[in-house]
Ligand code: GCW
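See below:
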């Protein structure tokens, strides 16, 4: 499906006279983003307004035309544009009146973004746009695809890979281009095409040639290809992968040159090292920065970037010791390396200290790396959050992290300003979204989950946007502008993350899914005594991780002082992170006045009740949405409603058995 780029006719549209009669894509050469912009404008306007405009590549009379091009091409043809000086890399200027539309990109990619912006406005029934300059807040706006060479996708819920099959890059790249088109429309400029748990066979001649073809399919959309690397790749030929061995360095320089030969505009590398069994520099007693810089040297001559993941921890950690804490790992591994990374290295940090749980505080690492560029990693594919069988609109969760103020040096230090490079004056930084897109026609396995992909791109461009405003753009583009459809999907989506949190793991206790295998469905018992370090420390009388400095793992002390003091202190810690930072009796009173255990019981009933209403809400849209998508989403909402009851009863029963504390409302247990 076309996702949000349907270009469906707009009812009550002001008519074809509301757009100019021709499109000029300035100096457009075949397969360039400006060429794509011209074609996209033609296709979009034909779909939305039923009028096919003449398209040409040469500057003509700009009156009564839609002119799209780079700032250089535009000024050559039509003279100075005063807004041009405000344009930053990938930025664009857009102005639209009824008889003249000007779309000028700082580069070709920006011009394409401007075309998509104009089409998005048209599709939402706005035919004019105030003259405005649009610039990105962050240079790195990438997806991470966790696609394996055999065609499976780690944590993907939408069928096999678009990129690989049976060990090789696919022959047919049609869907790759369609995906790049969706990404370009939300201003994503890079895509890591293979899993961070990477395989050295990606670097075979045949696959490097294949990467060239993938990049060719993405290039017309301005999406640059990047790849994940297996740190031990040289081992087979050299018998070593020591990052300080000159032979190893030369090996990487050589293979990197070969790749750039096929993919001249490769974005760079993504590296997961010394994490969950992956090889890395620690094997040779080298530091993580030694490892990262080895790749940085290889891509530097080509202008490439190395995204080095901060997701490094011991996955055989002993639960016996109460001061052990996986949440401490990132700072322990990375803080002392601050300043040691080359300039083209970006440390990519998962939003929270553990692993994409339903509620986590922001990772303390954001607040403490001052001489290192950083990026935030979020999961669009909701591994722990219902795997697209539950509706969970994630933008509100991402916004909470992005807006969180670390108060580094007692100074405003919002995560969103740290990762753009603004706060610590870093040259690079941005966003990585783990997408999970597969060959299924819905892309993510569920039509309604596409709001998450859409919102990721929008926030990566401008983190100050509101989650509801982004959502409503997506709804209008995806389902049309019927008011009931808009209101209903807005209401359901905005309630969805709180509902999921309520019927899974609340008060910051972690999601409470099965963590050993599926990461799906309730399994609170699996959340203790495992080597993964995802613990709740629940016993008969008490629950929660004591992460205080005075008594626990010390994790609260990893935050800058103003924040550390809040998390250290039971009274000041917000209820929704209480069990993340503190170990308390089930009878502990929350700020709401309820006990922890009663909150568990009530929240689980509330959350599951909300999931029941989603079914009724969705059913009210019958006839207002096409049958195929109506039935598809109804099926999922019905599943979610049932599964939320399973969640509710499993979790409540589990803690009722453990604590033997009755539910005041007498719903839980045997009565
Ligand atoms: O959350 C865990 C996932 C793994 C994933 C890992 C990571 C790609 O369960 O599937 O591996 O995180 O982010 O590296």
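In mature numbering (1 follows the signal peptide of the UniProt record, and there is no 0), the protein residues as written are 4 to 674. Quick reminder that beta carbons are idealized off the backbone N, C-alpha and C, glycines included.
Considering just the uninterrupted stretch of the beta strand (DSSP E) at residue 271, what are its terminal residues? In the chain shown, counting from the first residue as 1, residue 271 sits at position 268. Unbroken beta strand (DSSP E) run through residue 271: 271–274.
Do residue 384 and residue 439 come within 7 Å of each other at the CB atom, strictly closer than that value? Taking the chain shown and counting its residues from 1, one reaches residue 439 at position 436. Taking the chain shown and counting its residues from 1, one reaches residue 384 at position 381. Cβ atoms of residue 439 and residue 384: closer than 7 Å.
Can you have a look at residue 53 and say buried or exposed, based on whether 16 or more other CB atoms are within 10 angstroms of its CB? Residue mapping note: residue 53 aligns to position 50 of the chain shown, counting from 1. So residue 53 counts as exposed.
Decide if residue 24 is buried, meaning its Cβ has at least 16 other Cβ atoms within 10 Å, or exposed. Mapped onto the chain shown, residue 24 falls at position 21. That one is exposed.
Have a look at 352, 603 and 443 and flag the residue whose alpha-carbon is nearest the alpha-carbon of residue 155. Numbered from 1 along the chain shown, position 152 holds the residue referred to as residue 155. Each of 352, 603 and 443 was checked against the Cα of residue 155, and the nearest Cα belongs to 443.
Span of the alpha helix (DSSP H) around residue 377: As a working note, residue 377 is residue 374 in the chain shown. No alpha helix (DSSP H) holds residue 377; the beta strand (DSSP E) holding it covers 376–382.
May I ask you to report which of helix, strand or coil DSSP gives residue 669? Residue mapping note: residue 669 aligns to position 666 of the chain shown, counting from 1. Correct three-state label for residue 669: coil.
Which residue from 628, 599 and 202 puts its Cα closest to that of residue 662? In the chain shown, the residue the question calls residue 662 occupies position 659. When only C-alpha atoms are compared, the closest one is 599.
Helix, strand or coil: how does DSSP classify residue 207 here? Taking the chain shown and counting its residues from 1, the one referred to as residue 207 is at position 204. Residue 207: coil per DSSP, three-state reduction.
N- and C-terminal bounds of the alpha helix (DSSP H) containing residue 251: Start at 1 with the first residue of the chain shown, and residue 251 comes out as number 248. From DSSP, the alpha helix (DSSP H) with residue 251 extends over 249–265.
Buried or exposed: which applies to residue 1, given that a residue is buried once 16 or more other Cβ atoms fall within 10 Å of its Cβ? No answer is possible for residue 1: it lies beyond the span of the chain, which begins at 4 and ends at 674.
Any non-hydrogen atom of ligand 1 closer than 6 Å to residue 500 Cβ: Counting from one through the chain shown, the residue named residue 500 turns up at place 497. Residue 500 Cβ: outside cutoff for every heavy atom of ligand 1.
Assuming residue 143 contacts residue 396 (C-beta within less than 8 Å), just tell me the rounded distance between them. In the chain shown, residue 143 corresponds to position 140, counting from 1. In the chain shown, residue 396 corresponds to position 393, counting from 1. Taking 8 Å as the upper bound for CB-CB distance, residue 143 and residue 396 are not in contact here, some 24 Å apart.
Using only the alpha-carbon positions, how far apart do residue 146 and residue 596 sit? As a position in the chain shown, residue 146 is number 143, starting the count at 1. As a position in the chain shown, residue 596 is number 593, starting the count at 1. Approximately 42 Å, taken between the alpha carbons.
I'd like to confirm something about residue 200: is its beta-carbon nearer than 6 Å to some heavy atom of ligand 1, or not? As a position in the chain shown, residue 200 is number 197, starting the count at 1. Result yes, Cβ under 6 Å from ligand 1.
Could you check where the beta strand (DSSP E) with residue 627 kicks off and where it finishes? Position 624 of the chain shown, counted from the start, is the residue given in the question as residue 627. Taken as a continuous stretch (DSSP letters only), residue 627 belongs to no beta strand (DSSP E), as it is neither H nor E.
Among 515, 370, 330 and 619, which has the Cα closest to the Cα of residue 557? Counting from one through the chain shown, the residue named residue 557 turns up at place 554. Of the candidates 515, 370, 330 and 619, the one whose C-alpha sits nearest the C-alpha of residue 557 is 330.
Minimum C-alpha distance to residue 475 - residue among 464, 463 and 455: As a working note, residue 475 is residue 472 in the chain shown. Among 464, 463 and 455, the Cα nearest to that of residue 475 belongs to 455.
Return the residue from the list 5, 657 and 152 that minimises the CA-CA distance to residue 186. Translated into the one-based positions of the chain shown, residue 186 becomes position 183. If you compare the alpha carbons of 5, 657 and 152 with that of residue 186, the shortest gap goes to 5.
Would you call residue 291 buried or exposed, if buried means 16 or more other Cβ atoms sit within 10 Å of its Cβ? As a first step, residue 291 is located in the chain shown; it is residue number 288 there, counting from the start. Buried: at least 16 other Cβ atoms inside 10 Å.
Report the CB separation of residue 71 from residue 99 in whole angstroms; it is logged as a contact under 8 Å. By 1-based counting over the chain shown, the position of residue 71 is 68. By 1-based counting over the chain shown, the position of residue 99 is 96. The beta-carbon distance between residue 71 and residue 99, rounded to whole angstroms, is 11 Å. This is too long to meet the 8 Å contact definition.
Let's see if you can read the secondary structure: which residues bound the beta strand (DSSP E) around residue 434? Locating residue 434 in the chain shown gives position 431, counting from the first residue. Looking at the DSSP string, the run of the beta strand (DSSP E) that includes residue 434 is 433–437.
Please state the DSSP three-state secondary structure of residue 12. The residue you call residue 12 lines up with position 9 of the chain shown. Here residue 12 sits in coil by DSSP.
For the alpha helix (DSSP H) that residue 182 lies in, which residues bound it at each end? Mapped onto the chain shown, residue 182 falls at position 179. That run of the alpha helix (DSSP H) goes 177–188.
Can you tell me which residues form a DSSP beta bridge with residue 312? The residue labelled residue 312 in the question sits at position 309 within the chain shown. Paired residue(s): 351.
Just to confirm, are residue 106 and residue 115 a CB contact at a threshold of 7 Å? Sequence index remark: in the chain shown, residue 106 carries index 103 (1-based). Sequence index remark: in the chain shown, residue 115 carries index 112 (1-based). Taking 7 Å as the Cβ cut-off, residue 106 and residue 115 do not qualify as a contacting pair.
How about residue 149: is its Cβ closer than 6 Å to a heavy atom in ligand 1? For the purposes of this step, residue 149 is taken as the residue at position 146 of the chain shown. Short note on residue 149: C-beta closer than 6 Å to some heavy atom of ligand 1.
Identify every residue that forms a DSSP beta bridge with residue 171. Stepping through the chain shown from its first residue, residue 171 is reached at position 168. BP columns for residue 171 point to 168.
Answer with buried or exposed for residue 430, where buried requires no fewer than 16 other C-beta atoms within 10 angstroms of its C-beta. Working through the chain shown from its first residue, we reach residue 430 at position 427. Label assigned to residue 430: exposed.
Range of the contiguous alpha helix (DSSP H) that encloses residue 326: Residue mapping note: residue 326 aligns to position 323 of the chain shown, counting from 1. No residue range can be given for residue 326, since it is assigned to no alpha helix (DSSP H) and is classified by DSSP as neither H nor E.
Alpha carbon to alpha carbon, how far is residue 616 from residue 637? Give it in angstroms, no decimals. Taking the first residue of the chain shown as 1, we reach residue 637 at position 634. Taking the first residue of the chain shown as 1, we reach residue 616 at position 613. When rounded, the separation of the alpha-carbon atoms in residue 637 and residue 616 is 12 Å.
Any non-hydrogen atom of ligand 1 closer than 6 Å to residue 314 Cβ: Within the chain shown, numbered from 1, the residue matching residue 314 stands at position 311. Correct: residue 314 has its Cβ closer than 6 Å to ligand 1.
Looking at the strands, I want to know which residues DSSP matches up with residue 59. Position 56 of the chain shown, counted from the start, is the residue given in the question as residue 59. 27, per the DSSP bridge assignment.
Compute the Euclidean distance between the alpha carbons of residue 218 and residue 260, then round it to the nearest angstrom. For this step, residue 218 is matched to residue 215 along the chain shown. For this step, residue 260 is matched to residue 257 along the chain shown. Put simply, the backbone Cα of residue 218 is about 16 Å away from that of residue 260.
Span separating the alpha-carbon of residue 275 from that of residue 315: Position 272 of the chain shown, counted from the first residue, corresponds to residue 275. Position 312 of the chain shown, counted from the first residue, corresponds to residue 315. The alpha-carbon atoms of residue 275 and residue 315 are separated by roughly 8 Å.
Would you say residue 364 and residue 580 are within 7 Å of each other, going by their C-beta atoms? For this step, residue 364 is matched to residue 361 along the chain shown. For this step, residue 580 is matched to residue 577 along the chain shown. It is a contact, given that the beta carbons lie within the stated cut-off.
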